[in-house]
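Asks: Line by line, the protein sequences are chains V and Y.
By this note's numbering, the letter at position 323 of the first sequence is numbered 742, and the numbering carries on one by one without gaps.
By this note's numbering, the letter at position 238 of the second sequence is numbered 657, and the numbering carries on one by one without gaps.
Backbone N, C-alpha and C define an ideal beta-carbon position, used for all residues, glycine too.
2 protein chains.
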Amino acid sequence: MAADDQPVPVFPKPVTLRDVAAAAGVSVATASKALNSQGRMTAETRERIRETARSLGFRPNSLAQSLLRRRSFTVGLLTNDTYGRFSLPLMSGISDALVDNGVSVFLCNVEEDPRLGQLHVEAMLDKRVDGIIATGKRIDRHLPVDLSDLRVPVIYAFTQPDPDAVAFVSDDAGGARLAVEHFCGLGRKRIAHVTGPASFAVVHDRAQAYRDVLTENGLPAAEPLLGAWSEAWGHEAVARLFDGPRRQDGKGERPDAVFCGNDQIARGVIDALRERGLSVPGDVGVIGFDNWEIVAEATRPPLTSVDMNLAALGREAGLTLLSLVGGQPAAPGIRKLPCRLVVRQSCGHPMDG
Amino acid sequence: MAADDQPVPVFPKPVTLRDVAAAAGVSVATASKALNSQGRMTAETRERIRETARSLGFRPNSLAQSLLRRRSFTVGLLTNDTYGRFSLPLMSGISDALVDNGVSVFLCNVEEDPRLGQLHVEAMLDKRVDGIIATGKRIDRHLPVDLSDLRVPVIYAFTQPDPDAVAFVSDDAGGARLAVEHFCGLGRKRIAHVTGPASFAVVHDRAQAYRDVLTENGLPAAEPLLGAWSEAWGHEAVARLFDGPRRQDGKGERPDAVFCGNDQIARGVIDALRERGLSVPGDVGVIGFDNWEIVAEATRPPLTSVDMNLAALGREAGLTLLSLVGGQPAAPGIRKLPCRLVVRQSCGHPMDG
DNA sequence: CTGAAAGCGCTTACAG
DNA sequence: CTGAAAGCGCTTACAG
């Protein structure tokens with residue numbers, strides 16, 4: 420009993436099918452069939468084998484099974500945004516979809532490093548993943564990896580896809596519509612748009628939707644104010660919008676609503692408005708984007724915000740990958756999934772103007 | 420050439436060692452040895468085999484290798500905090516450590532669901548992970564899974580460990596010392612502590628360190644103010660500390676420093692102070708905890724904060740797991756890793772008081 | 001210096 | 001109704 424004297428924990432060898440077969444007094448083949456509900460044998464034999472498997476704590480070695488089946492029930496998840504709040508709900512949705520179907524997920528953070536990306540992709544392929552999902556932190560940037568012509572299906576979610584790939588992204592223009600139409604429905608007339616830098620594609624998509632909705636409603640569209648994705652920019656934008664001299668042509672009136680490109684900008688806008696003695700939502704309604712709960716719920720008042728439904732998007736991506744792995748074809752192209760507006764208290768009730 | 424007519428992309432079969440051997444005109448065994456620098460053969464043969472492997476794009480099937488080696492170069496990462504900002508740097512550190520050593524990571528979110536946890540652990544074990552790392556969002560709560568008596572080594576990081584396990588956590592008391600000593604060094608005399616709810620172990624650890632440091636410095640320690648981990652609580656705490664009637668015994672003086680239990684509380688404190696016309700750091704110095712950059716950098720002024728070095732902690736955990744997997748024993752117990760103070764502008768320079 | 005054999009743990013035709 | 005054989009893709013003693 421030397422093993423019992425060891426100071427280090429000793430890890431027991433896993434029990435194999437051979438062990439089960441021996442204990443049950445049958446061949447390995449029969450044992451396998453009994454456990455997999457394959458082949459024909461008396462119900463008693465089958466049950467006896469199962470019982471001994473259970474009592475021995477037998478769990479089949481997935482490695483061996485995968486080798487045979489050419490299917491590892493494993494998927495690779497590539498991201499360049501381990502820290503970000505976008506990839507998190509996304510990845511959570513992806514995992515959910517996959518886990519529910521018994522597949523495990525290799526998480527790989529490739530950052531912005533092509534070599535790291537290459538390394539991870541090769542490792543995943545070597546481990547015979549059934550497929551790969553590429554995610555990112557913005558939909559207009561490519562991951563630093565080449566995922567074309569892989570031996571396995573690939574899906575893109577919230578990142579710039581290869582041509583002819585299947586991809587899922589949020590419908591940012593639709594999300595912007597939701598926000599601006601909400602303001603219109605409430606009777607707001609002078610709706611400003613304060614958003615991020617021009618280098619982001621979504622900035623233009625949303626700005627266009629903003630203009631479209633205002634036009635459709637016969638309202639004047641001011642030029643969107645582009646800046647950083649920060650609270651500080653929210654402050655500065657308010658200074659520009661509210662501190663300038665009043666114009667005389669009637670168009671220079673102060674906004675009664677601000678649609679912000681993200682929740683941090685909105686936070687800055689709300690704080691700056693309060694510092695000027697302007698009431699939200701009384702004087703000015705504010706809507707954010709991203710629905711970053713920890714921010715949206717801490718603003719005073721709590722912030723109405725556009726939610727990109729990232730978890731649902733991830734779930735859809737996961738499910739589609741699975742069907743691809745299963746041999747079902749999927750039409751290539753970019754599918755845009757709808758956003759939703761989460762209404763809190765920063766827009767108030769319909770106005771009687 | 421029917422395959423070329425298919426509408427669905429056709430995934431080429433991976434090339435096997437057998438293919439390489441055939442192409443090079445040697446046996447599979449020889450091919451294997453050539454590629455693994457094993458056995459003896461002429462340098463030319465070896466190079467020729469390697470060259471044909473390269474030209475065929477051969478990559479060994481890890482599944483087969485793992486089956487043989489009883490080592491999958493794969494590790495399971497358990498968490499109940501996919502959304503949180505604590506597990507992210509942690510996981511990033513863990514991944515880094517592992518990836519650098521060629522091991523891939525299965526990410527499993529078990530949430531608070533014991534059944535989900537059980538499921539994930541079994542799936543990982545079936546896939547023959549070499550080891551498991553359990554992480555969480557607070558160090559005084561157990562994951563909803565039983566990780567004792569597994570067939571593989573287990574490491575705990577930033578979560579409540581099983582007895583006799585090896586675990587890594589942040590040294591919260593040490594972090595609190597850093598903060599309070601920083602205030603003392605700056606000459607602050609009346610240092611308050613506004614923190615989270617009593618249900619968190621770290622609240623008491625840090626509060627005790629706070630008292631200890633003040634005592635060591637001959638300064639009065641006020642009772643720590645316990646509340647929620649929120650901005651709103653920061654506001655309320657400032658109201659309690661600064662709006663009450665002045666006491667006459669000299670002990671009722673307003674604080675000149677506030678050490679906060681997290682960055683959100685600190686944000687609330689700073690905002691509330693500004694609203695009262697009090698200057699930070701002029702009148703009151705403020706230190707936060709967590710060093711959540713997106714918050715710490717957005718406060719006005721930017722917030723000095725205690726960083727738990729979570730990425731480093733994760734890295735340490737990953738490395739230790741690897742050495743455990745490699746057969747090196749590791750002493751069981753909880754290892755506390757030091758925090759560091761990230762100085763920004765919310766404490767100012769030494770006072771001349 | 002190179003190859004045939006056995007085996008990792010399992011499954012699946014194929015015999016009996 | 002059950003078992004022997006072949007094989008998934010690889011590696012490692014062991015012969016020659």
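1) Between residue 566 of chain V and chain Y, is any beta-carbon pair separated by less than 8 Å?
2) Between Y:732, Y:510, Y:531, which has its C-alpha nearest residue 523 of chain Y's C-alpha?
3) Run through DSSP, which three-state label would residue 458 of chain Y get?
4) Please name the residue, chosen from V:498, V:577, V:537, that lies closest to residue 526 of chain Y on a Cα-to-Cα basis.
5) Using beta-carbon positions only, say whether residue 661 of chain V and residue 598 of chain V come within less than 8 Å of one another.
6) So, at 7 Å on beta carbons, what are the nonlocal neighbours of residue 674 of chain Y in its own chain, with the 5 sequence-adjacent residues on each side left out?
7) Checking the sheet assignment: what are the DSSP bridge partners for residue 726 of chain V?
8) Using the beta-carbon of each residue, which ones in chain Y are nearer than 8 Å to residue 571 of chain V?
9) From the DSSP output, in three-state form, read off residue 612 of chain Y for me.
10) Where does the unbroken alpha helix (DSSP H) through residue 617 of chain V begin, and where does it stop?
11) What's the gap between the Cα of residue 464 of chain Y and the Cα of residue 448 of chain Y?
12) Taking residue 486 of chain Y as the query, report the chain V residues whose CB atoms sit under 7 Å from its CB, ordered along the chain.
13) Is there a Cβ from chain V that is less than 8 Å from the Cβ of residue 628 of chain Y?
14) For residue 423 of chain Y, which three-state DSSP category applies?
15) Between Y:717, Y:759, Y:770, Y:600, which lies nearest to residue 701 of chain Y when the distance is taken from Cα to Cα?
16) Should the region 574–592 of chain V be regarded as contacting the region 735–744 of chain V, the criterion being three or more beta carbon pairs within less than 8 Å?
17) Who are residue 589 of chain V's beta bridge partners in DSSP?
18) Taking C-alpha atoms, which residue in Y:545, Y:576, Y:644, Y:494 lies nearest to residue 559 of chain Y?
19) With distance defined between alpha-carbon atoms, name the residue in V:695, V:438, V:746 nearest to residue 571 of chain V.
20) Please report the distance separating the alpha-carbon of residue 768 of chain V from that of residue 699 of chain V.
21) Buried or exposed: which applies to residue 481 of chain Y, given that a residue is buried once 16 or more other Cβ atoms fall within 10 Å of its Cβ?
22) Rounded to whole angstroms, what's the CA-CA distance from residue 676 of chain V to residue 751 of chain V? Just pull it up for me.
23) Taking C-beta pairs closer than 9 Å, name the residues in chain V that residue 709 of chain Y reaches, listed in chain order.
24) Less than 8 Å separating the beta-carbons of residue 711 of chain V and residue 682 of chain V?
25) Between the alpha carbons of residue 696 of chain V and residue 655 of chain Y, how many angstroms are there, rounded?
26) If you measure from the beta carbon of residue 532 of chain Y to each beta carbon in chain V, is any gap under 8 Å?
27) To the nearest angstrom, how far is the alpha carbon of residue 664 of chain Y from that of residue 756 of chain V?
28) On the three-pair Cβ rule with 8 Å, is the region 451–464 of chain Y touching the region 489–503 of chain Y?
29) Which residues in the same chain have their Cβ closer than 6 Å to the Cβ of residue 719 of chain V, if we skip the five residues on either side of it in sequence?
30) Beta-carbon of residue 731 of chain V versus every beta-carbon of chain Y: anything under 8 Å?
31) With 8 Å set as the bound, which would you pick, yes or no: does the beta-carbon of residue 739 of chain Y sit closer than that to a beta-carbon of chain V?
32) Between which two residues does the alpha helix (DSSP H) holding residue 688 of chain Y run?
33) How many angstroms separate the CA atom of residue 772 of chain Y from the CA atom of residue 605 of chain Y?
34) Using a Cβ-Cβ cut-off of less than 7 Å, give me the residues of the region 452–475 of chain Y that come near chain V, in sequence order.
35) Do residue 648 of chain V and residue 684 of chain V have their CB atoms nearer than 8 Å?
36) Rounded to whole angstroms, what's the CA-CA distance from residue 753 of chain V to residue 657 of chain Y? Just pull it up for me.
Replies: Taking the definition as stated:
1) no
2) Y:510
3) coil
4) V:498
5) no
6) 609, 610, 611, 660, 703
7) V:759
8) 430
9) strand
10) Segment: none, residue 617 of chain V is in no alpha helix (DSSP H) and carries neither H nor E.
11) 13 Å
12) 482, 483, 486
13) no
14) Because the pLDDT at residue 423 of chain Y is just 41, under 50, the model does not fix this residue reliably, and the point stays unresolved.
15) Y:770
16) yes
17) V:756
18) Y:576
19) V:746
20) 11 Å
21) buried
22) 39 Å
23) Residues of chain V passing the Cβ test: none, with the nearest at roughly 12 Å.
24) yes
25) 21 Å
26) no
27) 56 Å
28) no
29) none
30) no
31) no
32) 682–694
33) Interpretation of residue 772 of chain Y is limited by its pLDDT of 46, a score under 50 that renders its predicted location unreliable; no figure is taken from the coordinates.
34) none
35) yes
36) 50 Å
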